[in-house]
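Protein sequences, first through last, are from chains A and B.
Heads up: the first sequence at position 127 corresponds to 127 in our numbering, and the numbers run straight through without jumps.
Heads up: the second sequence at position 255 corresponds to 629 in our numbering, and the numbers run straight through without jumps.
What follows is a single structure, written as structure tokens, with notes after it.
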Amino acid sequence: MTAPMTGLAGLCADVRNELIEEAMGRGMIPLGYTCSMVPRALLAVGTLFPVRMRAPGVAGTECADVYLSSVICSYSRSLLEFALDGRYDFLGGWVFVACCDHLRRLCDNLEYNAKPDFSHTLDIPHRGGPAALEWTVEELRRLARAIERHFDVDMGDDAVRAAMVAEGELVDALRELGALRKKPQPPFSGTDYHRVLMAAQSAPPARALELVREFREAMGDASDTAPYRARFLLVGGSLDDPAYTAVIESQGGLVVADRYCTGSYPWLDPVDAGGDPFVALARQVLDGNRCPRMMEGFAQRVNYIVDLAREYAADGVIIQSIKFCDTWGVEASALVTALREAGVPVLRLEREYRQSGEGQLRTRVQAFIESMGK
Amino acid sequence: MTCVAGCDVGSLTSKAVIMDGDRIVQSVIMKSKAKPWESADEVMRQALEKAGMSMGDLAYCVGTGYGRDKMTFINEAVSEIACHGKGAQWLVPTARTVIDIGGQDCKAVKLDDAGNMVKFITNDKCASGTGRFLEVMAKVLGVELADLGALSAKSKSPVTLASACTVWAQADVIQHLNDTVPLEDIAAGVNAAMASRMAVLANNIGVARDVCMTGGVAKNEGVVASLEKALGVRIKRIRKSDPQLAGAIGAALFAKEKVDGGMR
């Protein structure tokens, strides 16, 4: 592992990593969020910065199991375990979306047990259209007002616009970096890129931008990824452990593109900071997300994946989701059929939040590669 | 004589097959040790000894099974999913769907007309539908695992287990024992529960004829018959060799392909 890689791995290994410590040392306040539907820019105004919530290294969920039923996903369970253990006490607050029942139960139990100083839930509709847009704009303004009141920061249009510009720069840099994976021999592996993404989601945007640029410079134009047998597009819900990507790549796969909640999509779509910033962010949330929680747009979501696979010359698609995830569980079944009909080889995997069953994962990925004649 | 070998280290048993062309020279099945590399070394040693050969006599060796990455003597590792498909196709050339039930996993593999794997599905991290399920039930019933099939064949009124979950099914079996239900009826219920779990998996990839079954459980006639009923198709019995060797045979065939292709 090269020096920047070692640093990135360290950043991913700890929920309160040195980037967060560094920002807090400068008086900045981290706000945790758990869903891609939270507009990061609203959490990056003034002295605030967004942190995608993870539970790296969670060993068990004995305490959380007392509060959450057995069919709640292990991501929610792991986060509650860390919260009960006081591991998130450094956060200034939490922002949730009523995106699924699992995260709603996490929110309920977290508010009940950990009593964070600030907790806000966005109610985002499950359909698009003018009425939904109007509702979402008001929801985002409601969040802005709550943040302004609690943290005493200016959440006016200009301040939000400035945060969107800073976020946009980070997003542009990450998108450009990710596009290098279109090369036949990219300068870095999918695991490396996964680490960059996770580090970038736990730092103030300006600091994350520096990190991305440092990484880009360190990589140069080298084509030093290990020889691979097949290129993959990795799809699914929350996946914040680069070790999962590493297992896929250990079998001769190269993850060249991604479309999972904590990956480069959906938050890397550019958002126009001109005009009403709340309307622009609401449009991004409703239309740009292409999240399976939305009742409409399945065909567009399939087309997006097929187009992405072609653009990045992926040989196959791996769909992963955490067990009991209703949103991705339902979507994945339909996706498998649709992608196969489109002639895209696909492998569907269910997993736990915590890395486990590595042998089984290796076997399935290896067999998938073999089934493609690679 | 150009001999190749396949070594399949599974969670419960380890298998080695030495082949010369299209002929099995020697094979060994043994209980796996705690450390996969020790199992691999030992099963291969036994196979070579029986064949009167040494490692140097082998042109190529492919490893498979959960212990494949820990084998020190192999030239290449191939997934057990591909190996079972390859081995099954050699054992039953008309096979298009292969159902393999191993010690701690089960899988269904769909093959094309050339015997290439085109689709597969494996069980999740659960003992339901695996050899372990039968092992646990045999222990509760107090019978030998190998006798479950013959025992269930005598059943006149099989019980229905409420769940295919190993833990719940075990509780169910104990209840039936307490109710003095004949052993053969409980055994038949156990085999049927196993088959219904496997049928769900196989139907997921779409069952195409011919269907054959590999792995140790293929030797349990009770499960095979129940599975035929659940799937509504006849399962081709493997006569050419021991179905438990299918993975190792497939590995040896991959090794043979390498040798035939000039080891590209």
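Using N, Cα and C, we set each Cβ at its ideal position, and we do this for glycine too.
Please read all numbers here as calculations on a predicted model, not as lab measurements.
For A/Cys291, the closest of A/Val317, A/Ala282, A/Cys261 and A/Asp269 by C-alpha to C-alpha distance is A/Cys261. In summary, the residues of the region 485-509 of chain B whose CB is separated from some CB of chain A by less than 8 Å are Asn490, Met491, Val492, Lys493, Phe494, Thr496, Asp498 and Lys499, in the order they occur in the chain. Around the beta-carbon of B/Met375, fewer than 16 other beta-carbon atoms lie within 10 Å, marking it exposed.
At a cut-off of 3 residues, the continuous stretches assigned as beta strand (DSSP E) that sit fully inside the region 542-602 of chain B are 585-588.
In this structure, B/Arg470 places its C-beta atom within 7 Å of the C-beta atom of B/Ala582. Listed along chain A are Thr363, Gln366, Ala367 and Glu370, each with a C-beta nearer than 7 Å to that of B/Ser453. Taking the CA atoms as reference points, B/Leu519 sits about 59 Å from A/Ala218.
Taking CB atoms only, A/Gly57 has no neighbour in chain B less than 7 Å away. A/Gly220 is outside the set of residues whose beta carbon lies under 7 Å from a beta carbon in chain B. Taking 8 Å as the upper bound for CB-CB distance, A/Val255 and A/Gly316 are not in contact here, some 11 Å apart. Between the region 376-395 of chain B and the region 419-429 of chain B, the count of C-beta pairs closer than 8 Å reaches three or more; the two stretches touch. Separation of A/Pro277 and A/Asp157 (C-alpha to C-alpha, rounded to the nearest whole angstrom) is 6 Å. In the structure shown, A/Thr327 falls within a helical segment according to DSSP collapsed to helix, strand and coil. Taking a cut-off of 8 Å on C-beta distances, the region 227-246 of chain A does not touch the region 18-31 of chain A, as fewer than three cross pairs fall below it. In this model, A/Ile305 and A/Leu234 are separated by some 10 Å (Cα to Cα). Under the 10 Å beta carbon count, A/Ala222 is surrounded by fewer than 16 other beta carbons and is classified as exposed. Among the residues of the region 419-449 of chain B, those with a Cβ less than 7 Å away from any Cβ of chain A are Tyr440, in the order of the chain. With a beta-carbon spacing of about 6 Å, B/Val547 and B/Ile560 fall inside the 8 Å limit used to define contacts. Beta-bridge annotation (DSSP): A/His120 is paired with A/Val95.
Neighbourhood of B/Ala456 in chain A, by CB distance below 7 Å: Ala367 and Glu370, in chain order. Between the C-alpha atoms of B/Asp487 and B/Leu515 there is a straight-line separation of about 42 Å.
B/Leu522 sits close to B/Asn594, with the two beta carbons spaced by under 7 Å. Chain-order list of chain B residues neighbouring A/Gly373: Asn490, by C-beta distance under 8 Å. For A/Leu48, the enclosing beta strand (DSSP E) starts and ends at Leu48 to Arg52. Legend: CB atoms of the region 323-337 of chain A lying less than 7 Å from CB atoms of chain B are not found in any residue. If only complete runs of 3 or more residues are kept, the region 115-199 of chain A shows the beta strand (DSSP E) at 119-122, in order along the chain.
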